[in-house]
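Student: If you scroll down you'll find the structure; I have some questions about it.
Residue numbers (mature numbering (1 follows the signal peptide of the UniProt record, and there is no 0)): -23 to -1, 1 to 210.
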């Protein structure tokens, strides 16, 4: 039993260490939060991706790009990029939104590089600065926490060939499905089904309660064994 207890303790410590470290979190109801620079060493492995046209929009056309990566912390990152191939004069794509993230922790990150090489994500191609130092794009989240938004500000897309940076929402999710949405808008709206998180990593406090529970079970087993020895002695 001592050996079992040690294994449980070691496993719990390892899982807790793999959980997302504390960071700037985009809380429900927050607006105008600056995106942080993405640390490429934490990117991990791509699990899924979609590139589709701007179906539904009448004032612009282009591509909506998104992907899910399992980062090196073991949780999921959700990637978004918008590329414009045509847009009406005077119009401007000014934000993107994604749902649903209700109940999940979210960190807002940005990457302006062509990080996937031959993949469909490209380097930011916009007249304004796209990196965190000087970017006017900010992150927001609605009151329930379900919808995430990148507001482009002066980084809005208003010309043929312009491409946003890739905006990355790091979560504590461990699985995903296609039940969410990805939306962009200016004078009209483009929307499509998109990835959303479906299960999450227990918070450190939850792991602590689980560890306490394991300890109580181990103690109860030891007590029963000790009691049997006394009865049959």
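Ideal Cβ positions, reconstructed from N, Cα and C, are used throughout, including at glycine.
Everything numeric in this text was worked out from a predicted model, so none of it was measured.
Is residue 130 near the ligand PLP, going by C-beta to nearest heavy atom under 6 Å?
Tutor: You won't find the ligand PLP in this model; it holds no ligand whatsoever.
Student: Work out the CA separation of residue 66 and residue 3 for me, nearest whole Å.
Tutor: Reading the chain shown from its first residue, position 26 is the one you call residue 3. Reading the chain shown from its first residue, position 89 is the one you call residue 66. For residue 3 and residue 66, the distance between alpha carbons rounds to 34 Å.
Student: Check whether the Cβ atoms of residue 150 and residue 57 lie closer than 7 Å to each other.
Tutor: By 1-based counting over the chain shown, the position of residue 150 is 173. By 1-based counting over the chain shown, the position of residue 57 is 80. No, they are not a contact pair.
Student: Hey, residue 89 and residue 11: beta-carbon distance below 7 Å or not?
Tutor: As a working mapping, residue 89 is identified with position 112 in the chain shown. As a working mapping, residue 11 is identified with position 34 in the chain shown. Taking 7 Å as the Cβ cut-off, residue 89 and residue 11 do not qualify as a contacting pair.
Student: Tell me, please, which residues DSSP counts as bridged to residue 38.
Tutor: Mapped onto the chain shown, residue 38 falls at position 61. In the DSSP output, where bridge partners are listed per residue, residue 38 has 63.
Student: Is DSSP giving residue 72 helix, strand or coil here?
Tutor: Stepping through the chain shown from its first residue, residue 72 is reached at position 95. In this structure, residue 72 counts as strand in the three-state DSSP scheme.
Student: Report all residues from its chain with a CB closer than 8 Å to the CB of residue 185; omit the five preceding and five following residues, and keep chain order.
Tutor: Position 208 of the chain shown, counted from the first residue, corresponds to residue 185. Confidence at residue 185 is low in this model, with a pLDDT of 48, below 50, so the placement of that residue should be treated as unreliable; the coordinate-derived value is given next. None.
Student: In whole angstroms, what separates the C-alpha of residue 125 from that of residue 97?
Tutor: Sequence index remark: in the chain shown, residue 125 carries index 148 (1-based). Sequence index remark: in the chain shown, residue 97 carries index 120 (1-based). Approximately 22 Å between the Cα atoms of the pair.
Student: Pick helix, strand or coil for residue 96, following the three-state DSSP scheme.
Tutor: Counting from 1 along the chain shown, the entry for residue 96 is found at position 119. In the structure shown, residue 96 sits in coil (DSSP, three-state: anything other than H, G, I, E or B).
Student: Do residue 62 and residue 178 have their C-beta atoms within less than 7 Å of each other?
Tutor: Your numbering for residue 62 matches position 85 in the chain shown. Your numbering for residue 178 matches position 201 in the chain shown. No; because the gap between Cβ atoms is not below 7 Å, this pair is not in contact.
Student: Less than 6 Å between C-beta atoms, sequence neighbours within five positions excluded: which residues of the same chain meet that for residue -15?
Tutor: Mapped onto the chain shown, residue -15 falls at position 9. With a pLDDT of 35 at residue -15, under the threshold of 50, the modelled position of this residue cannot be trusted; read the value that follows with caution. Around residue -15: no qualifying Cβ.
Student: Short check: CB of residue 132 to CB of residue 43, under 7 Å?
Tutor: Looking up residue 132 in the chain shown gives position 155. Looking up residue 43 in the chain shown gives position 66. Cβ atoms of residue 132 and residue 43: not closer than 7 Å.
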